[in-house]
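Here's the structure we're looking at; comments come further down.
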Amino acid sequence: MIDDILLDTEDRMSKAVEATLKEFGNIRTGRANPQMFTSLMVDYYGAPTPLQQLATINIPEARTVLISPFDRNAVNEIIHAIRDSDLGVNPNDDGKVIRVVLPALTEDRRKEYVKQAKSRAEDGRIAVRGIRRKAKDQIEALKKDGDVGEDEAERAEKALEVTTREYVDQVDAALAAKEAELLTI
50 MIDDILLDTE DRMSKAVEAT LKEFGNIRTG RANPQMFTSL MVDYYGAPTP LQQLATINIP
110 EARTVLISPF DRNAVNEIIH AIRDSDLGVN PNDDGKVIRV VLPALTEDRR KEYVKQAKSR
170 AEDGRIAVRG IRRKAKDQIE ALKKDGDVGE DEAERAEKAL EVTTREYVDQ VDAALAAKEA
230 ELLTI
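Take 50 as the starting number for the sequence shown in the numbering used here and just add one per residue.
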């Protein structure tokens, strides 16, 4: 029983870390990255649709993104969605593709993105700790019901703490890498 709880907890913690890494990918750096557009929703015939379902995204140069819509009728909606997003870019329609040139980041903008990254890292840590709390409650319930002994429950809680520390450290390492990437000119 306790092994099942610990395995499930570890699986859920790894998914929380993956989600945090995905959030980091959405934060703009000085270079173009297709992940910046993954959370972008386009109003396509009245339904919010992810951009990657409506177009292909190519990165021909370090600061240029080319978006090739599958349907020419969706170009205006895609442009509108990109302009309204928090990316801070201005897309241009050149007939066949939508060209997005990422401006160089200013020092203030870089610091703002670092704050965003720290906030998202804290959200990831909170998610990992919330998963730990639920697992700890399950172990306590097993101990209270008499299904496991106190020694076994104590060992499980120590293993839970080690696992939690491991995943929080992964979030911290990812944050440090993202900060270095953002502050590199």
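Note that CB positions come from ideal geometry on N, CA and C, so glycine has one too.
Between the C-alpha atoms of aspartate 52 and proline 83 there is a straight-line separation of about 39 Å. The count of Cβ pairs closer than 8 Å, one atom from the segment 132–148 and one from the segment 181–200, stays below three, leaving the stretches out of contact.
Beta-bridge analysis with DSSP links asparagine 107 to Leu115.
The segment 177–194 and the segment 60–67 touch, with no fewer than 3 CB-CB distances between them shorter than 8 Å. Here DSSP, grouped into helix, strand and coil, assigns isoleucine 147 to strand.
If only complete runs of 3 or more residues are kept, the segment 120–206 shows the beta strand (DSSP E) at 140–142, 147–150, in order along the chain. For methionine 90, the beta-bridge partners assigned by DSSP are Pro99. Taking 7 Å as the cut-off, the beta carbon of isoleucine 106 is found no closer than this to the beta carbon of tyrosine 162. Counting along the chain, threonine 233 sits inside no alpha helix (DSSP H), nor does DSSP assign it H or E at all.
In this structure the segment 220–234 does not touch the segment 82–102; the number of beta carbon pairs closer than 8 Å is below three.
In the displayed model, threonine 58 falls within a helix according to three-state DSSP. When the five nearest sequence neighbours on each side are left out, the beta carbons in the same chain lying within less than 7 Å of the beta carbon of glutamate 206 are those of Lys185, Ile188, in order along the chain. Residue state for methionine 50 is assigned as coil, using DSSP reduced to three classes. In this structure, DSSP gives alanine 81 a state outside helix and strand, which the three-state scheme calls coil. Apart from the 5 residues on each side of it in sequence, arginine 169 sits with its Cβ closer than 7 Å to the Cβ of Thr69, Glu72, Phe73 in its chain, given in chain order.
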